[in-house]
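So the structure is just underneath, and the comments pick up after that.
In our numbering, the protein residues as written are 132 to 476.
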């Protein structure tokens with residue numbers, strides 16, 4: 132039988148007469164855990180689980196662990212007829228044509244032939260892409276994107292990631308680097324250093340770490356009253372969620388930080404939308420938990436810098452899939468690669 136949670140369909144306690152004959156494996160490899168799911172052709176999650184990411188010896192155990200876990204799952208679930216194919220999302224630079232992870236620093240990987248190695252272990256076709264791209268695909272297929280063929284997804288977490296869906300397909304660009312939204316320069320002078328080696332990137336002002344940094348720096352120069360001072364004293368630090376929470380209560384300093392951060396985000400999204408003209412912009416990641424407060428704070432800047440028709444017709448939404456976006460997008464990738472041209476129309 133089907134159940135629904137957080138807008139996502141799941142099979143629950145399926146009986147033998149409710150067999151799911153064809154499923155895709157969605158695999159989302161992170162630095163701490165590997166998330167996996169078996170997902171049917173309609174995007175319904177049949178089962179999902181996670182295992183620790185074993186990064187010992189340059190991550191050479193990761194693919195073996197994934198294969199063993201999937202074999203164990205399919206042996207346990209008698210309702211699964213067989214896996215048609217698998218999609219894999221991983222951080223870093225991916226050679227999507229050959230399914231090779233060229234470099235994923237967080238995993239210790241260099242030139243790992245994921246599609247070939249995992250495909251041999253599973254006995255099915257395996258396809259790989261960047262994790263941010265697949266999160267965008269997941270939101271397109273079953274999330275806030277509403278199956279829009281032209282979509283821009285932004286993830287505001289520890290960093291700022293992005294994925295672009297154009298004409299129903301992931302946009303990779305010439306070198307496979309399309310969607311590096313976090314490294315668009317928003318401060319030409321005086322910006323904070325970014326992990327990419329530049330200064331003043333969007334990531335330095337609109338990520339969770341960037342917002343926290345701005346708050347700490349502002350407190351060092353602020354002589355007025357702010358609850359952020361008390362939070363920093365009590366906890367020894369400040370997080371982005373604290374800044375949004377206090378801004379919602381009317382704290383002057385917190386409000387100014389949110390306003391500055393979201394002004395940069397709105398400016399960046401406006402220029403991206405002027406160039407790409409997506410139907411939907413989906414904002415996810417930990418910072419997106421601020422919800423409507425975030426949207427309201429960035430909307431003025433977005434409207435100011437976007438073409439009027441773009442401002443009128445572009446939907447901006449908060450992501451709905453949470454941590455399931457990556458595995459759903461990975462399953463979507465496998466499905467798209469395997470279906471016939473006639474079936475995709």
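Cβ atoms here follow ideal geometry from the backbone N, Cα and C, with glycine treated the same way.
Where residue i falls, given that 16 or more other Cβ within 10 Å makes a residue buried
| i | result |
| --- | --- |
| residue 338 | buried |
| residue 154 | buried |
| residue 222 | buried |
| residue 354 | exposed |
| residue 329 | exposed |
| residue 271 | buried |
| residue 163 | exposed |
| residue 261 | buried |
| residue 460 | buried |
| residue 335 | buried |
| residue 361 | exposed |
| residue 310 | buried |
Inter-residue spacing [alpha-carbon to alpha-carbon] between residue i and residue j
| i | j | result |
| --- | --- | --- |
| residue 161 | residue 184 | 7 angstroms |
| residue 179 | residue 198 | 15 angstroms |
| residue 395 | residue 463 | 32 angstroms |
| residue 402 | residue 332 | 15 angstroms |
| residue 254 | residue 300 | 26 angstroms |
| residue 382 | residue 267 | 34 angstroms |
| residue 476 | residue 370 | Low confidence applies to residue 476: its pLDDT is 37, below 50, so where it sits in the model is not reliable enough to give any reading. |
| residue 413 | residue 438 | 19 angstroms |
| residue 365 | residue 359 | 10 angstroms |
| residue 217 | residue 377 | 44 angstroms |
| residue 404 | residue 441 | 7 angstroms |
| residue 347 | residue 455 | 32 angstroms |
| residue 120 | residue 256 | The structure shown does not extend to residue 120, since the chain is modelled only from 132 to 476, so the question has no answer here. |
DSSP three-state assignment for residue i, whether helix, strand or coil
| i | result |
| --- | --- |
| residue 434 | helix |
| residue 216 | strand |
| residue 330 | strand |
| residue 351 | helix |
| residue 275 | coil |
| residue 452 | coil |
| residue 178 | strand |
| residue 173 | coil |
| residue 458 | helix |
| residue 360 | helix |
| residue 323 | coil |
| residue 446 | strand |
| residue 313 | helix |
| residue 293 | strand |
Cutoff 6 angstroms; reference residue i; Cβ partners in own chain excluding five residues on either side
| i | result |
| --- | --- |
| residue 166 | 159, 181 and 458 |
| residue 245 | 219, 230, 232 and 259 |
| residue 189 | 239 |
| residue 432 | 394, 397 and 398 |
| residue 436 | 398 and 401 |
Same chain, Cβ closer than 8 angstroms to residue i, five either side skipped, listed in chain order
| i | result |
| --- | --- |
| residue 298 | 280 and 281 |
| residue 306 | none |
| residue 422 | 449 |
Whole-number beta carbon distance between residue j and residue i, since they are thought to touch under 8 angstroms
| i | j | result |
| --- | --- | --- |
| residue 283 | residue 407 | 6 angstroms |
| residue 429 | residue 391 | Between residue 391 and residue 429 the Cβ distance is about 11 angstroms, and since that is not below 8 angstroms, they are no contact. |
| residue 389 | residue 398 | 15 angstroms between Cβ atoms; not a contact. |
| residue 409 | residue 445 | 7 angstroms |
| residue 205 | residue 193 | Contact flag wrong, Cβ pair sits at about 19 angstroms. |
Cβ shell of residue i (< 7 angstroms), same chain only, five flanking positions each side left out
| i | result |
| --- | --- |
| residue 327 | 314 |
| residue 379 | 424 |
| residue 416 | 286, 287 and 288 |
| residue 227 | 259, 260, 303 and 307 |
| residue 172 | 153 and 466 |
| residue 373 | 359 and 362 |
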